[in-house]
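Working notes, beginning with the structure itself.
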Amino acid sequence: MGKLYLVATPIGNLGDITLRAVEILKSADVIAAEDTRKTRGLLTHLGITGKKLVSYYGPREERGAERLLKNLLAGESVAVVTDAGTPGVSDPAGRIVRLAIENGIDIVPVPGASALLSALTASGFDTASFRFEGFLPIKSGKRLALLKELCEEPRTVVLYESTHRIIKLLGELTAEIPDRRIVVGRELTKLYEEFLRGTTAEISAKLTGKRKKGEFVVVLEGKR
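Residue numbers (the working numbering): 10 to 233.
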């Protein structure tokens, strides 16, 4: 049987790819990508050509995992990558990992860049213990219930948010805890990397009405 590699890719700066990740991508029989176009661009940058690229993304993750399992059972090595960061952390990977475990296939994590850890370590908040929730639910009922719970969390809280919903999230946090300290990271490791520091109310006011691109990492200080 083949091996399943979970390969972390850069979250922005292409120089953050590890030497080990490059070697795995070169040697893998199949590369399963969240977006084959983006992964092809990364491979071109790395000088890797002639690889078998297959699509493996959220809405069709179950069907994609079944196909990848066939590759693994046939003795092929499969490298799973996402658009940016570590597979399985708010990105596809969970289904194929579970199938691999059920079928006795070796799983090899290849660590690297992480938006979560980059923002957390630069926040200045407590890192000894923290809570990561990724993207909050879109449905308002579940979203607000979880948000209220997180506002009472004594540990540092880390969230992901998109360009389109960052202002909404900051408004929701301001309504609950206007004076809580927060750090918002944007375009991490890229040319226009930015960290905004202040209270939820201050950062909400600073960003409201301004057009911001990229995904955001929100780090909320725990309740004291």
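Don't be surprised by glycine CBs; every beta carbon is placed ideally from N, CA and C.
{"Asked": "Check whether L34 and H54 have beta carbons under 8 Å apart", "Found": "no"}
{"Asked": "Continuous alpha helix (DSSP H) stretch holding V31: start and end", "Found": "L28 to S36"}
{"Asked": "Environment of I191 [buried if 16+ CB atoms lie within 10 Å]", "Found": "buried"}
{"Asked": "Own chain partners of A154 with C-beta closer than 7 Å, once the 5 adjacent residues on each side are dropped", "Found": "none"}
{"Asked": "A37 beta carbon less than 8 Å from that of A93", "Found": "no"}
{"Asked": "Whole alpha helix (DSSP H) elements within the stretch 88–139, 4-residue minimum", "Found": "103–111 and 124–132"}
{"Asked": "Of the listed residues L159, K232, D135 and K12, nearest to L145 (C-alpha basis)", "Found": "L159"}
{"Asked": "Bridge-paired residues (DSSP) for Y201", "Found": "According to DSSP, which records beta bridges pairwise, Y201 is partnered with nothing at all."}
{"Asked": "Three or more C-beta pairs below 8 Å linking the stretch 107–126 and the stretch 74–81", "Found": "yes"}
{"Asked": "Extent of the continuous beta strand (DSSP E) run through I40", "Found": "V39 to A42"}
{"Asked": "Complete runs of the beta strand (DSSP E) confined to the stretch 45–73 [at least 3 residues]", "Found": "61–64"}
{"Asked": "Three-state class that DSSP yields for L145 in the structure shown", "Found": "coil"}
{"Asked": "Nearest-angstrom Cα separation, counted from T95 out to V119", "Found": "9 Å"}
{"Asked": "Three-pair Cβ contact test at 8 Å for the stretch 40–50 versus the stretch 132–142", "Found": "no"}
{"Asked": "For S127, the nearest candidate out of G56, V193, V117 and K219 (CA to CA)", "Found": "V193"}
{"Asked": "Exposure label - D115; buried when at least 16 CB within 10 Å", "Found": "exposed"}
{"Asked": "Close Cβ partners of F141 (< 7 Å) along its chain, the five nearest in sequence each way excluded", "Found": "L125 and V167"}
{"Asked": "Residues sharing a beta bridge with G194, DSSP", "Found": "F204 and V226"}
{"Asked": "Beta-carbon proximity of E181 to K232, cut-off 8 Å", "Found": "no"}
{"Asked": "S86 versus P68: straight-line alpha-carbon distance, rounded", "Found": "24 Å"}
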